[in-house]
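In this note's numbering, the protein residues as written are 377 to 824.
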Amino acid sequence: MTNKIAALSLLTLGLLSACSNTAPTADVPSTPPAATPVAQERFVQVAMVPLQAGDTPQSLAAAVGGAVLSWAEDGCSSGDEINCMAIMGLKSQADGQPLRAQSDRTMYIEPNKDVFGGGGKMTATMGGRISMWAGGRISMWAGGRISMWAGGQFTQLPENTKLWQKIRLEEAQHMAPKLGAGVTVAVIDTGLDLQHPAFSNSLSAPSTWYDFYDGDTMPQDEGTFGVGGYGHGSNVAGIVLQVAPGAKIMPLRVLGSDGSGDVIMVARAILWAADHGANVINLSLGSSENSKIVQDAIKKVTRSRVLVVSSAGNSNLNKITYPAADATAKDSGDYSLSVGSVDLNDVKSSFSNYSDKLKLVAPGENVYAPAPDGRMAAWSGTSMAAPMASGGLALALGQQLASGELIEEMTENAADIYKISANNPYKDKLGEKGRLDLVRFLDSASDD
């Protein structure tokens with residue numbers, strides 16, 4: 377595997393500012409020498425600490441008993457809750473107690489380690505339909521002609537033809553001929569098989585990549601094929617590119633080979649993505665518990681009109697995972713989308729969570745895409761439905777359509793699936809209108 381290259385061990389979260397103009401000193405981690413591996417420290421908990429005049433990273437670390445994970449030098453405005461917080465990593469339950477006991481300052485503490493997980497499972501097995509990738513790179517253009525469709529069949533991956541017909545992808549790609557060109561979609565996940573031929577010329581500049589799980593700049597998907605979450609991110613990225621092959625994928629790794637990752641990794645990756653040019657952020661991951669730190673990161677990036685798409689979870693529960701559950705929040709809802717899964721008959725997938733908060737569903741069963749080590753494989757999960765919506769948003773953005781109305785247009789112009797008797801138990805809980813329809817979405821968005 378390509379040697380990993382070290383990068384910043386301290387990533388300053390854009391949403392966090394100090395109330396003091398005192399700059400960090402040598403006690404705060406700085407940029408390590410190039411090519412020096414950096415072990416990513418894991419914390420049991422993370423804390424959001426309200427900053428006060430005179431605070432420094434050193435004084436705060438001493439008072440809390442933890443490590444300063446973010447600190448900006450811009451200062452903070454009175455009443456600005458998001459920008460007047462520092463993030464602290466706590467190694468034990470005892471850390472933070474002295475400061476927490478102070479009457480004039482209250483910390484917000486939440487669990488950190490392995491709180492998030494990537495949803496979905498590989499549905500093709502070794503010796504079955506998993507095979508070596510033979511389709512070349514995911515590209516629509518050959519000699520100026522669209523080449524991935526022939527006689528209504530999706531020639532690059534014929535196994536997905538019925539899926540793409542369901543959301544009317546072929547017609548949508550003709551309606552959006554730039555195919556997402558100029559748009560960057562950040563895939564915050566298990567990383568990618570960066571050498572996979574399907575991703576040739578489809579990744580963002582290497583300077584925009586980061587592995588928050590290992591703490592370096594090479595977000596390579598790692599693990600054993602067929603075990604845990606290995607390959608999850610490659611599948612998700614491949615789905616985005618099948619929908620919007622002109623887009624670029626920004627690979628950001630926050631989940632380990634078992635498919636789990638930390639709160640601080642997810643929050644950092646969200647902010648990194650926006651700071652490095654992502655137009656859409658795909659989060660095919662979730663947690664049963666809300667994270668204020670992650671939600672504040674989403675608030676920050678949606679203020680900059682970055683679109684955030686989150687999967688709903690795979691536990692067949694009448695509630696959806698976070699951050700998808702917060703996609704209706706007033707301060708980020710116009711730019712946030714939650715996505716559940718249906719089968720090819722538009723019936724709720726047996727695994728998909730559902731809720732009256734869910735904005736959209738898409739077909740998320742047996743979706744073929746690139747897999748590690750030059751393979752292709754199918755996965756099922758709401759994790760596979762979410763990148764279909766992310767790709768659809770990339771198609772619209774590639775046509776220079778304004779981002780402000782796109783989430784509403786996509787949800788309001790979904791196909792009605794509530795007349796299907798099998799969906800009767802889930803009335804109004806499979807999206808505001810129903811299942812993703814790219815043609816109706818693009819047609820409506822283009823008229824605005």
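Note that beta-carbon positions come from the ideal geometry of N, C-alpha and C, so glycine has one too.
Of all Cβ atoms in chain C, is any one closer than 9 Å to the Cβ of ARG751? The chain inventory of the structure shown lacks chain C, comprising one protein chain alone.
Comparing C-alpha positions only, which one of HIS572, GLY558, PHE419, VAL563 sits nearest to ALA753? Position 377 of the sequence shown, counted from the first residue, corresponds to residue 753. The residue from HIS572, GLY558, PHE419, VAL563 with its alpha-carbon nearest to that of ALA753 is HIS572.
If I follow the unbroken beta strand (DSSP E) through ARG629, where does it start and stop? The residue you call residue 629 lines up with position 253 of the sequence shown. Taken as a continuous stretch (DSSP letters only), the beta strand (DSSP E) holding ARG629 covers 624 to 629.
Rounded to a whole number of angstroms, what is the C-alpha to C-alpha distance between LYS724 and ARG681? Mapped onto the sequence shown, residue 724 falls at position 348. Mapped onto the sequence shown, residue 681 falls at position 305. Computed Cα separation, rounded: 31 Å.
Measure how close the beta-carbons of ALA688 and THR787 come, nearest whole angstrom, since I'm counting them as under 8 Å. For the purposes of this step, residue 688 is identified with residue 312 of the sequence shown, where counting begins at 1. For the purposes of this step, residue 787 is identified with residue 411 of the sequence shown, where counting begins at 1. By a beta-carbon distance limit of 8 Å, ALA688 does not contact THR787. Their separation comes to about 13 Å.
Among all the DSSP beta bridges, which residues are the ones paired with LYS724? By one-based count along the sequence shown, residue 724 stands at place 348. According to DSSP, which records beta bridges pairwise, LYS724 is partnered with VAL718.
So, are the CB atoms of ASP638 and ASP490 less than 9 Å apart? As a position in the sequence shown, residue 638 is number 262, starting the count at 1. As a position in the sequence shown, residue 490 is number 114, starting the count at 1. Taking C-beta atoms as the reference points, ASP638 and ASP490 count as a pair closer than 9 Å.
Neighbourhood of VAL616 by C-beta, 6 Å cutoff - its chain only, sequence neighbours within 5 removed: As a first step, residue 616 is located in the sequence shown; it is residue number 240 there, counting from the start. Around VAL616: VAL561, PRO763, SER766, GLY767.
Taking the C-alpha atoms as reference points, what is the distance between ASP660 and THR600? In the sequence shown, counting from the first residue as 1, residue 660 sits at position 284. In the sequence shown, counting from the first residue as 1, residue 600 sits at position 224. In the sequence as presented, Asp is not what sits at residue 660; that position holds Ser. For SER660 and THR600, the distance between alpha carbons rounds to 20 Å.
Contact set for ASN825: own chain, Cβ-Cβ below 6 Å, skip 5 residues either direction: Any property of residue 825 remains undetermined from this structure, which presents the chain solely from 377 to 824.
Can you grab the Cα-Cα spacing for the pair GLU808 / ALA470, in whole Å? Taking the sequence shown and counting its residues from 1, one reaches residue 808 at position 432. Taking the sequence shown and counting its residues from 1, one reaches residue 470 at position 94. The straight-line gap from Cα to Cα measures roughly 44 Å.
In this structure, does DSSP put ASP565 in helix, strand or coil? Working through the sequence shown from its first residue, we reach residue 565 at position 189. Under the three-state reduction of DSSP, ASP565 is assigned to strand.
What are the boundary residues of the beta strand (DSSP E) that THR743 is part of? Here the question's residue 743 lines up with position 367 in the sequence shown. The sequence shown places Val at residue 743, rather than the Thr named in the question. Its beta strand (DSSP E) spans residues 743 to 747.
Do you know how far the Cα of MET461 is from the Cα of LEU814? Residue numbering aside, residue 814 sits at position 438 when the sequence shown is read from its first letter. Residue numbering aside, residue 461 sits at position 85 when the sequence shown is read from its first letter. Distance between the alpha carbons of LEU814 and MET461 is about 40 Å.
Enumerate in chain order the residues of its own chain whose CB-to-CB distance from ASN692 is below 6 Å, with the five nearest sequence positions on each side excluded. Position 316 of the sequence shown holds residue 692. Within the same chain, ASN692 has close Cβ partners PHE727.
TYR586 in three-state terms, based on DSSP: Counting from one through the sequence shown, the residue named residue 586 turns up at place 210. TYR586 falls in the strand class under three-state DSSP.
Give me, in chain order, the residues of the same chain whose beta-carbon lies closer than 6 Å to that of THR704; leave out the 5 immediate sequence neighbours on both sides. Counted from its first residue, the sequence shown places residue 704 at position 328. For THR704, where only same-chain residues beyond five positions count, the Cβ hits under 6 Å are LYS733.
To the nearest angstrom, report how far apart SER756 and ASP634 are at their CA atoms. The residue given as residue 756 occupies position 380 in the sequence shown. The residue given as residue 634 occupies position 258 in the sequence shown. Roughly 17 Å separates the two Cα atoms.
VAL612 and VAL677 - do their beta-carbons sit closer together than 9 Å? As a position in the sequence shown, residue 677 is number 301, starting the count at 1. As a position in the sequence shown, residue 612 is number 236, starting the count at 1. No, these two residues do not count as a Cβ contact at 9 Å.
C-alpha gap between GLY774 and ALA620, whole angstroms: The residue labelled residue 774 in the question sits at position 398 within the sequence shown. The residue labelled residue 620 in the question sits at position 244 within the sequence shown. For GLY774 and ALA620, the distance between alpha carbons rounds to 9 Å.
Identify whether LYS777 lies in helix, strand or coil by the three-state DSSP scheme. On the sequence shown, residue 777 is found 401 positions in, with the first residue counted as 1. The residue you asked about is not Lys; residue 777 is Leu in the sequence shown. In the structure shown, LEU777 sits in coil (DSSP, three-state: anything other than H, G, I, E or B).
Any idea if LEU812 is buried or exposed, counting beta-carbon neighbours within 10 angstroms, 16 or more meaning buried? Translated into the one-based positions of the sequence shown, residue 812 becomes position 436. Counting C-beta atoms within 10 angstroms of its own C-beta, LEU812 has 16 or more neighbours from the protein chains shown and is therefore classed as buried.
Taking the straight line between their C-alpha atoms, what separation do you get for VAL630 and LEU771? For the purposes of this step, residue 630 is taken as residue 254 along the sequence shown, with counting starting at 1. For the purposes of this step, residue 771 is taken as residue 395 along the sequence shown, with counting starting at 1. Straight through space, the alpha carbons of LEU771 and VAL630 are spaced by roughly 26 Å.
Would you identify the three-state DSSP class for SER822, choosing helix, strand or coil? Working through the sequence shown from its first residue, we reach residue 822 at position 446. When DSSP states are grouped into helix, strand and coil, SER822 belongs to the helix group.
Less than 7 Å between C-beta atoms, sequence neighbours within five positions excluded: which residues of the same chain meet that for LEU818? The sequence position of residue 818 within the sequence shown is 442, counting from 1. ALA548, MET551, ALA552, LEU771, ALA772, listed in sequence order.
Give the secondary structure of MET752 by DSSP, where H, G and I count as helix, E and B as strand, and everything else as coil. Locating residue 752 in the sequence shown gives position 376, where the first residue counts as 1. Of the three classes helix, strand and coil, the one that applies to MET752 here is strand, per DSSP.
CB-CB under 7 Å to LYS467, same chain, minus the five flanking residues each way: which ones, in chain order? Counting from one through the sequence shown, the residue named residue 467 turns up at place 91. Closer than 7 Å at the Cβ level, and outside the excluded window around LYS467, lie PHE419, VAL420, GLY442.
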